[in-house]
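One structure is given here, and the rest of the page talks about it.
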Amino acid sequence: HKADQFIKKEPQSPKAWFILGANFSAFKDPHFVINAFENAVSLHKNYIQALFRIGYIYQFNLNDPGTAMKYYLRLIKIPPYEDPMEPESANVRTILDACNELTEIYASMDKYEKVLSVYDHVIKIYRTYNDICTPHNIKKTLTATRSAAVKLDRYRALLNYSRVNHHIEFEALLAELGII
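Per this note's numbering, residue 148 is the first one in the sequence shown, and the count goes up by one each step.
What follows is the structure, given as structure tokens:
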């Protein structure tokens, strides 16, 4: 297996460990894959893609959203340019993907205030990197945010907040994505 050969040649390479994890089925042995990604993170603590993959496996393969959240929360705090393992644009999209997953986890736990908090973070990233992001990158977050604001009876406040603080017409964005 080429990934195993690469690890033997480059045991201190975070990328080698990432490739090993990425090339092995998380369905067959999720703990093996997590271990490979954990090794990558132990060699490069800000490895955004590896942190996301670990969280994703916990969330979807091991049905452990609590542990997944820890990884997602850790990686969304890392500025995309501080992880040289992958292109900055890929890191931005991975951070947005983690935010999308976080909003779904929080919504499933009825933590609607947390959903709104993630929305704020997402919009800041979206606006900073608007040259590489599309509304589709944040569709799950927008959907969860709308639902959370309605449940908290703060939808009008959300519309105003988005307009004033982020210069975004929230409903126009939702309409563009076919959410409303």
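Glycine residues also receive a C-beta, built at the ideal position from the N, C-alpha and C atoms.
Leaving out the 5 sequence neighbours to the left and right, which residues in its chain are closer than 6 Å to residue i when beta-carbon positions are compared?
{"i": "LEU305", "result": "ALA296"}
{"i": "GLU233", "result": "GLN196"}
{"i": "LYS298", "result": "TYR259"}
Please report the residue range of the alpha helix (DSSP H) in which residue i lies.
{"i": "HIS313", "result": "302-313"}
{"i": "CYS246", "result": "235-255"}
{"i": "SER264", "result": "259-275"}
{"i": "MET232", "result": "Taken as a continuous stretch (DSSP letters only), MET232 belongs to no alpha helix (DSSP H), as it is neither H nor E."}
{"i": "THR288", "result": "286-298"}
{"i": "GLN196", "result": "195-203"}
{"i": "PHE174", "result": "Element bounds for PHE174: n/a, residue is neither H nor E."}
{"i": "PRO212", "result": "212-223"}
{"i": "LYS192", "result": "That residue, LYS192, is in no alpha helix (DSSP H); it is neither H nor E in DSSP."}
To the nearest whole angstrom, what separates the beta carbons of residue i and residue j, a pair I think is in contact under 8 Å?
{"i": "LEU222", "j": "PHE207", "result": "Actually they are not in contact, since the Cβ atoms of LEU222 and PHE207 sit about 16 Å apart, beyond 8 Å."}
{"i": "MET216", "j": "ILE252", "result": "6 Å"}
{"i": "SER294", "j": "ALA254", "result": "7 Å"}
Using only the alpha-carbon positions, how far apart do residue i and residue j sit?
{"i": "ASN277", "j": "TYR302", "result": "24 Å"}
{"i": "PHE179", "j": "ALA291", "result": "32 Å"}
{"i": "ALA197", "j": "LYS271", "result": "23 Å"}
{"i": "LYS162", "j": "ILE201", "result": "15 Å"}
{"i": "LEU167", "j": "ASP176", "result": "13 Å"}
{"i": "ILE279", "j": "TYR266", "result": "18 Å"}
{"i": "PHE184", "j": "ALA237", "result": "17 Å"}
{"i": "LYS260", "j": "ILE327", "result": "According to the sequence displayed, residue 260 carries Glu and not Lys. For GLU260 and ILE327, the distance between alpha carbons rounds to 22 Å."}
{"i": "ARG274", "j": "ARG240", "result": "13 Å"}
{"i": "ILE315", "j": "LEU324", "result": "14 Å"}
{"i": "PHE317", "j": "LEU263", "result": "13 Å"}
{"i": "ILE225", "j": "TYR203", "result": "17 Å"}
{"i": "GLU229", "j": "THR288", "result": "24 Å"}
{"i": "SER309", "j": "ALA245", "result": "21 Å"}
Closer than 8 Å by C-beta to residue i: which residues in its own chain qualify, once you throw out the five before and the five after it? Chain order, please.
{"i": "SER172", "result": "VAL180"}
{"i": "ASP211", "result": "TYR205"}
Using C-beta distances below 7 Å, list every residue in its chain close to residue i, excluding the 5 sequence neighbours before and after it, in chain order.
{"i": "GLN159", "result": "LEU190"}
{"i": "PRO282", "result": "LEU320, GLU323 and LEU324"}
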